[in-house]
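What follows is a set of notes on a single structure, which appears directly below.
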Amino acid sequence: MLKSKMNQLFAEQKSVHILYSYDQQETYIQQAVSYIQEGILAGDCILLIENDLIYPFIHTHLKALLTTDQMKMIHRINNFDFYYSSGSYHPPAILAYFDKSVQPYLENKLSFRSWAHVEWSTMEDPLHLI
Numbered sequence: 341m342l343k344s345k346m347n348q349l350f351a352e353q354k355s356v357h358i359l360y361s362y363d364q365q366e367t368y369i370q371q372a373v374s375y376i377q378e379g380i381l382a383g384d385c386i387l388l389i390e391n392d393l394i395y396p397f398i399h400t401h402l403k404a405l406l407t408t409d410q411m412k413m414i415h416r417i418n419n420f421d422f423y424y425s426s427g428s429y430h431p432p433a434i435l436a437y438f439d440k441s442v443q444p445y446l447e448n449k450l451s452f453r454s455w456a457h458v459e460w461s462t463m464e465d466p467l468h469l470i
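Next comes the structure, spelled out in structure tokens:
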């Protein structure tokens, strides 16, 4: 159900931001893999911002589903490096890092989508930032 709603959003709009909360790691991995696979099949490059613990599981699933050339369409960034590049969770620094990361896609007029894993110890911590 979530997959079809996301695909509908992408068909209707060029820019979509979705907050996906989860409590089961395997469900999260399946959703990430599905999102990435659908994007690649739609011809989009993927910017995957993921942690070092979960990334190998996602990568293993994707290698079983995608060709070597399709796998090259995925650019992975460690999520800790991404979100804490300035030493703390600082939205202007995060936006600057994101802008720098997507610049090659924009310059080459390549369609892309991103999946970013944000980690907080509690949901109360980020509410004022979200």
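Per the working numbering, the very first residue in the sequence shown carries number 341; after that it's consecutive.
Don't be surprised by glycine CBs; every beta carbon is placed ideally from N, CA and C.
In this text, all values refer to a predicted model and were calculated from it rather than measured experimentally.
Open item on the list: Beta-carbon within less than 6 Å of A456's beta-carbon, same chain only, minus the 5 sequence neighbours each way: which residues are those?
Closed with: Along the sequence shown, one-based indexing puts residue 456 at 116. Excluding sequence neighbours, A456 sits near I389.
TODO: Have a look at Q410, A433 and M413 and flag the residue whose alpha-carbon is nearest the alpha-carbon of D421.
DONE: Translated into positions along the sequence shown, residue 421 becomes position 81. Measuring from the Cα of D421, the nearest candidate turns out to be A433.
Open item on the list: Does the contact criterion of 3 or more C-beta pairs under 8 Å hold for the stretch 423–443 versus the stretch 406–413?
Closed with: no
TODO: Check each candidate in S361, T367, I369 and G379 and name the one with the smallest Cα separation from R453.
DONE: Within the sequence shown, numbered from 1, the residue matching residue 453 stands at position 113. The option with the nearest alpha carbon to R453 is G379.
Task: Per-residue burial, N391 [other beta carbons within 10 Å of its own, 16 or more giving buried] - done: As a working note, residue 391 is residue 51 in the sequence shown. Burial call: exposed.
- [ ] Take V458 and list the residues in its own chain whose beta-carbon comes closer than 6 Å to its own, dropping the five residues that flank it on each side.
- [x] Residue 458 sits at position 118 when you count from the first residue of the sequence shown. Within the same chain, V458 has no close Cβ partners at all.
- [ ] Compare the Cα-Cα distances from K449 to each of Q364, Y362 and G383 and report the closest residue.
- [x] The residue given as residue 449 occupies position 109 in the sequence shown. With distances taken between Cα atoms, K449 lies closest to G383.
TODO: Take the Cβ of S402 as the centre, count every other Cβ of all protein chains shown within 10 Å, and call the residue buried at 16 or more, exposed below.
DONE: Taking the sequence shown and counting its residues from 1, the one referred to as residue 402 is at position 62. Per the sequence shown, residue 402 should be read as Leu rather than Ser. With 16 or more Cβ atoms within 10 Å of its Cβ, L402 is classed as buried.
TODO: Taking Q377 as the reference, give the member of I414, S451, E447 and K440 with the closest Cα.
DONE: Start at 1 with the first residue of the sequence shown, and residue 377 comes out as number 37. The candidate whose alpha carbon is nearest that of Q377 is I414.
- [ ] Can you grab the Cα-Cα spacing for the pair S361 / Q371, in whole Å?
- [x] Numbered from its first residue, the sequence shown carries residue 361 at position 21. Numbered from its first residue, the sequence shown carries residue 371 at position 31. Going from the Cα of S361 to the Cα of Q371 covers about 11 Å.
TODO: Any chance you could list the alpha helix (DSSP H) runs of at least 4 consecutive residues sitting entirely within the stretch 383–412, in chain order?
DONE: 395–405 and 408–411
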